[in-house]
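What follows is a short report on a single structure.
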Amino acid sequence: MSVALLSVAAVALDALLGEPKRWHPLVAFGRFADRIEQRFNSEGRGWRSHGVTAWFIAVVPLTLLATAFSWAPYVGWIVDILALYCALGMRSLGEHVEPVAKALRSDDIEEARKRVGYLVSRQTSELDKTEVARAATESVLENGSDAVFAALFWFAVAGVPGVVLYRLSNTLDAMWGYRNERFERFGWAAARIDDVLNYIPARLVALTYALLGKTRLALRCWRTQGPTWDSPNAGPVMAAGAGALGVELGGAAIYHGELHLRPQLGEGLPADADSIDRGWQLVKRGVWLWLLILCVGAEFYA
C-alpha cells in the first residue's frame with residue numbers, strides 16, 4: 472500500500488476515533504521516560520552525556536521494535552497505519568482549542584483561562600480575553616506543526632522508523648527540553664535533536680500557512696519576525712501563521728513565574744475567538760493539501 476493511502480487512512484482514523492482513550496502508547500512512553508530521567512538525572516545532576524545516553528535508551532530500542540513489526544508480512548501495513556495514527560494529534564488539538572473559542576464567545580473568561588491552560592505552559596490565571604486568544608492561536612499554529620504536519624512528513628520520508636523516531640523525540644523534548652536548573656544540561660540532547668528533526672517540516676508548514684492565507688504578509692512576517700523568536704522552528708511557523716491570518720501574536724507572557732518579553736509576530740487585528748477558529752481551519756486545510764500532494768505524487772511515480 473502506498474504512503475499516500477496509508478497517510479489518508481491514519482488521518483481518517485484519527486478524525487474518527489481521536490486519541491486512544493484507555494491506553495495511549497505515548498502515555499506509557501512518558502512513564503518510561505520519567506523512570507529513565509530519574510535514573511540518569513537524579514536531583515538534576517545529569518550532564519549532557521547522561522542526556523544523550525538516556526535519549527538513546529528511550530528512543531532507539533522502541534524505534535527498532537516498531538520497525539521490525541512494520542516489516543512483518545501481511546500485517547505490516549496495519550502497523551504502518553497504527554504508528555502514524557498514534558503519532559497524530561489532529562482531532563485532539565481541535566478538541567482542546569474549540570472550547571477556548573466557545574468560552575471567549577460566551578464571555579466566560581475563567582473557563583477560557585482554564586481551557587487554554589491545557590494547551591500552553593505559560594501562566595494563564597490572569598490573562599485577559601485578548602491574551603487568552605493569543606495563547607490559543609499560537610498553540611494551534613505551533614502544535615499543528617509538531618503534532619500533525621511533522622508526523623506526516625517523517626512518515627512520508629521514512630515510514631514507521633521515521634514517524635516513531637520523530638514522535639518519541641518530540642515527546643522527550645516536551646518532557647526534558649527545558650532551560651531550567653534541572654534540565655539545562657540533561658535535556659540539551661533532547662532539545663537539539665527535536666530542533667533538527669523539526670527543521671525542514673517547520674519550514675514546509677510555514678510555507679503551507681503562507682500559501683493558504685495572506686501569502687505576501689505571511690512571507691514577510693516569516694522573513695523578518697521568525698528569526699527573532701527563541702525557537703528556530705516555532706518562530707517561522709508562528710510568524711508565517713500569524714501573517715497568514717492577519718493577526719497579532721507574541722508579546723509578553725509569564726512562564727513559571729518569570730516574565731518573558733517575546734517579540735511580536737504577525738500583523739493586523741488583535742487575537743480573538745475568530746482567530747482561534749481560523750487558525751484551526753488553517754491547520755485542517757493544510758493537512759488536506761499535504762494529503763493531496765502525497766496522492767498526486769503517488770500517482771505520478773506509480
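In our numbering, the protein residues as written are 472 to 773.
Ideal placement from N, C-alpha and C gives every residue a C-beta, glycine not left out.
*Assign Y552 to buried or exposed, taking buried as 16 or more other Cβ atoms, counted over all protein chains shown, within 10 Å of its Cβ.*
Here the question's residue 552 lines up with position 81 in the sequence shown. Residue identity differs from the one stated: residue 552 is Ile in this sequence, not Tyr. Buried.
*On the three-pair Cβ rule with 8 Å, is the stretch 578-594 touching the stretch 708-720?*
no
_Once the 5 residues before and after L636 are set aside, which same chain residues still bring their CB inside 6 Å of it?_
Position 165 of the sequence shown, counted from the first residue, corresponds to residue 636. Hits under 6 Å: T534.
*asked:* Given a cut-off of 7 Å on the beta-carbon distance, is the pair A744 and A499 in contact?
replied: Reading the sequence shown from its first residue, position 273 is the one you call residue 744. Reading the sequence shown from its first residue, position 28 is the one you call residue 499. The answer is no: Cβ separation not under 7 Å.
*What is the DSSP secondary structure of H731, counted as helix, strand or coil?*
Position 260 of the sequence shown, counted from the first residue, corresponds to residue 731. Strand at H731.
*Using 8 Å as the threshold, is the stretch 557-571 in touch with the stretch 598-614, meaning 3 or more CB pairs across them?*
yes
*Straight-line CA distance for R586 to L575?*
Here the question's residue 586 lines up with position 115 in the sequence shown. Here the question's residue 575 lines up with position 104 in the sequence shown. Near 10 Å, if we compare the C-alpha coordinates of L575 and R586.
_Under the three-state DSSP convention, the category P491 falls into_ = Walking along the sequence shown from the start, residue 491 turns up at place 20. Coil, per DSSP.
*Using 8 Å as the Cβ pair cut-off and three pairs as the minimum, do the stretch 680-694 and the stretch 736-753 touch?*
yes
*Is the beta carbon of A677 sitting closer than 7 Å to the one on V631?*
Numbered from its first residue, the sequence shown carries residue 677 at position 206. Numbered from its first residue, the sequence shown carries residue 631 at position 160. No, the pair does not count as a contact, with Cβ atoms beyond the cut-off.
*Where C557 and A529 are concerned, what is the direct C-alpha to C-alpha distance, given to the nearest angstrom?*
As a first step, residue 557 must be located in the sequence shown, where it is residue number 86. As a first step, residue 529 must be located in the sequence shown, where it is residue number 58. Computed Cα separation, rounded: 17 Å.
*Residues bridged to V718 (per DSSP)*: Stepping through the sequence shown from its first residue, residue 718 is reached at position 247. For V718, which the question treats as bridged, DSSP gives the partners L740.
*Contact check, A618 vs G560 under 8 Å by CB: the rounded distance?*
Locating residue 618 in the sequence shown gives position 147, counting from the first residue. Locating residue 560 in the sequence shown gives position 89, counting from the first residue. With a beta-carbon spacing of about 4 Å, A618 and G560 fall inside the 8 Å limit used to define contacts.
*If you draw a straight line from the C-alpha of V667 to the C-alpha of R493, how long is it?*
The residue labelled residue 667 in the question sits at position 196 within the sequence shown. The residue labelled residue 493 in the question sits at position 22 within the sequence shown. Approximately 32 Å, taken between the alpha carbons.
*Buried or exposed: where does Q696 fall if 16 or more other Cβ atoms within 10 Å of its Cβ makes it buried?*
What you label residue 696 is simply residue 225 of the sequence shown in a count that begins at 1. So Q696 counts as buried.
*Per DSSP, R593 is paired with what?*
For the purposes of this step, residue 593 is taken as residue 122 along the sequence shown, with counting starting at 1. Paired residue(s): Y726.
*Measuring alpha carbon to alpha carbon, tell me which of V479, V591, G515 ends up nearest R656.*
The sequence position of residue 656 within the sequence shown is 185, counting from 1. Comparing Cα positions, the closest option is G515.
*Under 7 Å between C-beta atoms of E522 and A629*: Indexing the sequence shown from 1 puts residue 522 at position 51. Indexing the sequence shown from 1 puts residue 629 at position 158. Correcting the residue type first, residue 522 is Gly in the shown sequence and not Glu. For G522 and A629, no; Cβs fall outside 7 Å.
*asked:* Could you tell me the alpha carbon to alpha carbon distance between G739 and T679, rounded to whole angstroms?
replied: On the sequence shown, position 268 is the one that residue 739 refers to. On the sequence shown, position 208 is the one that residue 679 refers to. Computed Cα separation, rounded: 20 Å.
*When you compare each of H495, L555, W526 to Q509 by their alpha carbons, which one comes out closest?*
Numbered from its first residue, the sequence shown carries residue 509 at position 38. Ranking H495, L555, W526 by Cα distance to Q509 puts W526 first.
*asked:* Using C-beta distances below 7 Å, list every residue in its chain close to G658, excluding the 5 sequence neighbours before and after it, in chain order.
replied: As a working note, residue 658 is residue 187 in the sequence shown. Spatial neighbours of G658 in its own chain (CB-CB distance under 7 Å, excluding positions within 5 residues in sequence) are listed in chain order as G522, W647, G648, Y649.
*asked:* Please classify L555 as buried or exposed, where buried requires at least 16 neighbouring CB atoms within 10 angstroms.
replied: Working through the sequence shown from its first residue, we reach residue 555 at position 84. By the neighbour-count definition (other C-beta atoms within 10 Å, threshold 16), L555 is a buried residue.
_Boundaries (first-last residue) of the alpha helix (DSSP H) holding F540_ = Here residue 540 is taken as the residue at index 69 of the sequence shown, counted from 1. Unbroken alpha helix (DSSP H) run through F540: 519-541.
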